[in-house]
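One structure is given below, encoded as structure tokens.
Protein chains: 2
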Amino acid sequence: MDPVRSQRPRIADVAREAGVSKTAVSFAFNRPDRLAPETATRIRAVADHLGYRPHPVARMLTQRQTMTIGVLTPQALSVIFSNPFFGAFSEGVALAAEESGYGLHFISPLQGSLARAMSRATVDGVVAIGLSDGHPEVEQIRQAGLPIVMVDSSALPDHGSIEIDDVGGARAAAEYVIGLGHRDILVIGVEPPAPGGPDPDGVTARRLLGYRQAFAAVGAAIGDEQVMLGPASIDGGIAALGRAWENGQRPTAVLAMSDAMAIGAMQELRERGLEVPAEVSVVGFDDIDLATHVDPPLTTVHQPIRRKGEEAVRLLLSVLEHGARAKPEHRRLETRLIVRRSTGPVSGHRRVPPERPG
Amino acid sequence: MDPVRSQRPRIADVAREAGVSKTAVSFAFNRPDRLAPETATRIRAVADHLGYRPHPVARMLTQRQTMTIGVLTPQALSVIFSNPFFGAFSEGVALAAEESGYGLHFISPLQGSLARAMSRATVDGVVAIGLSDGHPEVEQIRQAGLPIVMVDSSALPDHGSIEIDDVGGARAAAEYVIGLGHRDILVIGVEPPAPGGPDPDGVTARRLLGYRQAFAAVGAAIGDEQVMLGPASIDGGIAALGRAWENGQRPTAVLAMSDAMAIGAMQELRERGLEVPAEVSVVGFDDIDLATHVDPPLTTVHQPIRRKGEEAVRLLLSVLEHGARAKPEHRRLETRLIVRRSTGPVSGHRRVPPERPG
DNA sequence: ACGGTCGCCTAAACCGGTTTGCTAAACCGG
DNA sequence: CCGGTTTAGCAAACCGGTTTAGGCGACCGT
Numbered sequence: 111m112d113p114v115r116s117q118r119p120r121i122a123d124v125a126r127e128a129g130v131s132k133t134a135v136s137f138a139f140n141r142p143d144r145l146a147p148e149t150a151t152r153i154r155a156v157a158d159h160l161g162y163r164p165h166p167v168a169r170m171l172t173q174r175q176t177m178t179i180g181v182l183t184p185q186a187l188s189v190i191f192s193n194p195f196f197g198a199f200s201e202g203v204a205l206a207a208e209e210s211g212y213g214l215h216f217i218s219p220l221q222g223s224l225a226r227a228m229s230r231a232t233v234d235g236v237v238a239i240g241l242s243d244g245h246p247e248v249e250q251i252r253q254a255g256l257p258i259v260m261v262d263s264s265a266l267p268d269h270g271s272i273e274i275d276d277v278g279g280a281r282a283a284a285e286y287v288i289g290l291g292h293r294d295i296l297v298i299g300v301e302p303p304a305p306g307g308p309d310p311d312g313v314t315a316r317r318l319l320g321y322r323q324a325f326a327a328v329g330a331a332i333g334d335e336q337v338m339l340g341p342a343s344i345d346g347g348i349a350a351l352g353r354a355w356e357n358g359q360r361p362t363a364v365l366a367m368s369d370a371m372a373i374g375a376m377q378e379l380r381e382r383g384l385e386v387p388a389e390v391s392v393v394g395f396d397d398i399d400l401a402t403h404v405d406p407p408l409t410t411v412h413q414p415i416r417r418k419g420e421e422a423v424r425l426l427l428s429v430l431e432h433g434a435r436a437k438p439e440h441r442r443l444e445t446r447l448i449v450r451r452s453t454g455p456v457s458g459h460r461r462v463p464p465e466r467p468g
Numbered sequence: 111m112d113p114v115r116s117q118r119p120r121i122a123d124v125a126r127e128a129g130v131s132k133t134a135v136s137f138a139f140n141r142p143d144r145l146a147p148e149t150a151t152r153i154r155a156v157a158d159h160l161g162y163r164p165h166p167v168a169r170m171l172t173q174r175q176t177m178t179i180g181v182l183t184p185q186a187l188s189v190i191f192s193n194p195f196f197g198a199f200s201e202g203v204a205l206a207a208e209e210s211g212y213g214l215h216f217i218s219p220l221q222g223s224l225a226r227a228m229s230r231a232t233v234d235g236v237v238a239i240g241l242s243d244g245h246p247e248v249e250q251i252r253q254a255g256l257p258i259v260m261v262d263s264s265a266l267p268d269h270g271s272i273e274i275d276d277v278g279g280a281r282a283a284a285e286y287v288i289g290l291g292h293r294d295i296l297v298i299g300v301e302p303p304a305p306g307g308p309d310p311d312g313v314t315a316r317r318l319l320g321y322r323q324a325f326a327a328v329g330a331a332i333g334d335e336q337v338m339l340g341p342a343s344i345d346g347g348i349a350a351l352g353r354a355w356e357n358g359q360r361p362t363a364v365l366a367m368s369d370a371m372a373i374g375a376m377q378e379l380r381e382r383g384l385e386v387p388a389e390v391s392v393v394g395f396d397d398i399d400l401a402t403h404v405d406p407p408l409t410t411v412h413q414p415i416r417r418k419g420e421e422a423v424r425l426l427l428s429v430l431e432h433g434a435r436a437k438p439e440h441r442r443l444e445t446r447l448i449v450r451r452s453t454g455p456v457s458g459h460r461r462v463p464p465e466r467p468g
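Residue numbers (my numbering), protein chains in the order written: chain L, 111 to 468; chain C, 111 to 468.
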């Protein structure tokens with residue numbers, strides 16, 4: 111018949127027990143200098159004895175800050191965590207957040223609705239990755255007055271952003287295989303999150319542009335049938351390469367927009383009896399840790415994934431601390447081609463002539 | 111001279127603007143049935159026009175729930191995200207959380223203090239992975255009245271837990287290599303998070319026990335010099351194998367407690383001119399996705415990583431919803447050996463005789 | 001005309017803290 | 001002994017919502 115009144119001790123309980131006011135208790139925790147030393151000590155002792163901890167939510171409410179930053183992803187976390195790229199990005203984010211004493215809250219569509227997830231989230235600011243500008247949630251966030259830093263989406267002028275040189279990186283990759291003599295190419299790309307055609311401004315579009323620029327420069331074109339999209343995972347790469355092959359594509363080089371997909375493609379090539387790089391060259395993108403550890407080590411376009419996460423957080427924190435007066439910064443990080451052993455000169459002969467034999 | 115009074119519209123603003131009470135506005139959002147339909151519509155229109163969203167923190171405070179679950183890790187997120195195992199585990203956690211409408215908050219030591227991080231965190235419950243029982247934070251969490259589910263630590267009776275059969279899995283792995291004729295073994299283990307000796311109850315200890323049981327059954331023993339610890343990553347595996355080799359160990363089989371480490375070990379073996387599995391067999395633990403994709407595909411002990419995350423969350427949610435009256439459940443998931451191609455019979459001869467030649 | 005329902009809406013209390021005046025006592029120099 | 005300054009602590013307002021307990025008028029049956 112006694113349902114344990116008030117599970118958790120409140121500040122008033124401590125105050126009563128210690129024979130002081132709530133204010134005193136609050137001071138004992140937050141501004142001990144405003145209390146006689148021994149009073150502060152005594153209050154803390156009572157609090158300890160009662161097992162009292164200030165309720166974090168109540169504290170957030172009065173202080174108007176949560177000491178938490180949100181990581182916003184347009185895709186479900188359950189799919190995004192399977193991409194090693196995201197793991198590395200999160201490392202960077204976590205590093206910067208932890209060292210500044212901020213917690214991390216991952217925000218992804220709840221029951222299909224990113225908006226619903228956003229309105230529940232208690233964060234001081236948001237790092238959004240891969241969220242295209244048009245996305246309605248961006249508007250919602252701005253209305254909520256939350257600072258936001260966009261990663262990998264072309265920037266809106268009034269919030270910070272971190273980008274990489276996607277076009278340049280892709281172009282470098284393509285130029286390299288062109289230099290090796292390759293002209294028959296297959297592009298394996300990352301499917302945009304929203305099923306509704308590639309977002310015109312997305313990563314995929316920018317990298318494709320880079321590839322196309324390089325080929326255009328030597329008078330070649332990349333047709334749509336040479337571009338295969340899929341999810342950014344090893345299995346996605348396997349599937350994409352498989353589909354291309356079934357469609358009759360017989361490239362001498364594969365340009366993948368993600369290392370995970372490149373690794374899948376290599377594996378599927380081997381499965382089909384093709385040697386990498388002797389018969390087919392493969393280039394990835396991202397330079398995830400794994401890229402050096404596969405066999406053969408993957409030629410790929412390096413981007414500073416962890417640093418991207420770190421800088422995004424630092425940009426956000428600078429806005430949080432200096433108020434919105436710091437005008438939004440747009441930072442672009444470099445990419446560079448890393449040549450390893452998954453690429454080689456085009457072989458003089460084709461084992462399986464693509465057209466009529468003889 | 112007008113610093114934008116009240117950045118964000120409050121419920122009182124909406125009430126005034128719509129000419130109703132705060133209560134009515136609240137009802138318009140939460141219990142429209144208690145209002146005349148057209149009143150509710152009008153209020154919502156006004157709210158919309160003002161760009162009003164209920165403040166999530168205030169809402170949390172009155173409803174006494176945050177709709178958020180915490181994932182507690184004793185290590186910094188910046189190190190833990192580099193382990194593919196954790197990515198897969200998070201996938202499972204995210205899947206179950208998202209489908210129930212819960213958000214995810216990752217809790218890791220802030221500036222070195224897990225306790226500080228915990229007291230800031232606004233969550234309804236906690237899934238703790240790899241937190242040994244003795245950890246003082248467990249006590250803190252209980253005092254805070256937060257439900258908790260422990261993953262991979264031997265259970266305290268009064269909260270739920272998810273475990274796997276570490277001992278059995280390790281024993282199966284060891285028995286298998288014993289059956290292949292191997293007697294010269296190297297164990298590569300996961301270094302416990304806290305630098306202070308292996309926790310006697312941790313995963314590492316349990317798996318080691320399994321290995322030892324199997325070898326004891328054939329009258330062999332695994333000496334301490336045959337056990338090498340390191341961080342659970344590819345590089346950790348490389349380093350561990352390297353160190354063992356420098357110490358003069360010449361095993362014919364390597365038992366690793368993590369696939370990432372096993373992959374690193376394989377790579378380092380190849381680096382040193384040894385063939386896997388012809389000259390040295392390698393067994394992993396976990397069966398991460400990558401295990402099928404390396405060359406050769408890795409023989410390993412499978413554990414249902416994603417399901418572990420899912421079930422932990424479901425256990426937690428059932429406590430959250432049925433109150434603490436549901437008595438804590440302890441669930442143990444199965445492990446099983448998956449034989450792939452990184453293991454083979456011990457070769458009859460040693461290329462490099464370990465002792466005096468001839 | 002009257003008591004009883006019902007439908008719609010509100011005032012006030014509450015969630016659990018922090019913060020802003022303010023008061024009363026102690027201290028201090030002259 | 002007196003006016004002024006510190007010091008220690010308090011009451012009350014506030015953060016931004018939700019929820020309880022009614023109030024009030026319209027409608028209804030008699």
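Cβ atoms here follow ideal geometry from the backbone N, Cα and C, with glycine treated the same way. Owing to the predicted nature of the structure, the values given are computational and were not obtained by experimental measurement.
DSSP beta-bridge partners of residue i
i	result
Leu396 of chain C	Checking the sequence, you will find Asp at residue 396 of chain C rather than Leu. Asp396 of chain C pairs with C:His412.
Ser223 of chain L	L:Leu220
Ser391 of chain C	C:Ala363
Ile190 of chain C	BP columns for Ile190 of chain C are empty, so no partner.
Gly333 of chain C	According to DSSP, Gly333 of chain C bridges with nothing at all.
Leu473 of chain C	The first residue shown for chain C is 111 and the last is 468, placing residue 473 of chain C beyond what the model contains.
Met338 of chain L	L:Ile298
Leu447 of chain C	C:Val411
Three-state secondary structure assigned by DSSP to residue i
i	result
Arg382 of chain C	coil
Gln440 of chain C	Looking at the sequence provided, one finds His at residue 440 of chain C rather than Gln. His440 of chain C: strand per DSSP, three-state reduction.
Pro463 of chain L	At Pro463 of chain L the pLDDT is 43, less than 50, meaning the model places this residue with poor confidence; the figure from the coordinates comes in the next sentence. Of the three classes helix, strand and coil, the one that applies to Pro463 of chain L here is coil, per DSSP.
Val181 of chain L	strand
His432 of chain L	helix
Arg424 of chain L	helix
His165 of chain C	coil
Asp158 of chain C	helix
Pro147 of chain L	helix
Asp405 of chain C	coil
Ser368 of chain L	coil
Arg417 of chain L	helix
Gln117 of chain C	coil
Asp112 of chain L	In this predicted model, Asp112 of chain L has a pLDDT of only 40, less than 50, meaning its place in the structure is not dependable enough to derive any value.
Ala198 of chain C	helix
Ser229 of chain C	helix
Val328 of chain L	coil
Nearest residue (CA-CA) to residue i, options the options
i	options	result
Leu469 of chain C	C:Gly433, C:Pro438, C:Gly278 and C:Ser428	The structure shown does not extend to residue 469 of chain C, since chain C is modelled only from 111 to 468, so the question has no answer here.
Gly374 of chain L	L:Gly358, L:Arg360, L:Glu389 and L:Gly340	L:Gly340
Leu205 of chain C	L:Ser210, L:Ala186 and L:Val337	L:Ala186
Glu335 of chain C	C:Phe196, C:Thr410 and C:Arg353	C:Arg353
Ala282 of chain C	C:Ala254, C:Gln413, C:Pro407 and C:Ala238	C:Gln413
Met177 of chain C	L:Phe195, L:Gly291 and L:Thr232	L:Thr232
Arg163 of chain L	L:Asn140, L:Glu201 and L:Ser200	L:Asn140
Gly358 of chain L	L:Glu381, L:Ser229, L:Asp294 and L:Ser218	L:Asp294
Ala266 of chain L	L:Arg441, L:Ser210 and L:Thr445	Note that residue 266 of chain L corresponds to Leu in the displayed sequence, not to Ala. Here the closest residue by C-alpha is L:Arg441.
Leu425 of chain L	L:Ile251, L:Ala254, L:Val261 and L:Gln173	L:Val261
Ile258 of chain L	L:Gly235, L:Ile274, L:Asp276 and L:Asp243	L:Gly235
CB-CB length for residue i against residue j, believed under 8 Å
i	j	result
Ile190 of chain C	Val423 of chain C	Actually they are not in contact, since the Cβ atoms of Ile190 of chain C and Val423 of chain C sit about 18 Å apart, beyond 8 Å.
Leu220 of chain C	Gly213 of chain L	7 Å
Leu241 of chain C	Glu249 of chain C	About 12 Å; that fails the 8 Å criterion.
Pro452 of chain L	Leu408 of chain L	Residue identity differs from the one stated: residue 452 of chain L is Ser in this sequence, not Pro. That belief holds up - the Cβ atoms of Ser452 of chain L and Leu408 of chain L are roughly 5 Å apart, short of 8 Å.
Thr183 of chain C	Ile239 of chain C	6 Å
Asp396 of chain C	Ser368 of chain C	6 Å
Heavy atom of the ligand ATP within 6 Å of residue i beta-carbon
i	result
Gly312 of chain L	No copy of the ligand ATP appears in this structure; indeed no ligand is present at all.
Inset, instruction - For the region 234 to 320 of chain L, list the alpha helix (DSSP H) runs that are entirely contained and at least 4 residues long, ordered along the chain. - result: 246 to 253 and 276 to 289, all fully within the region 234 to 320 of chain L.
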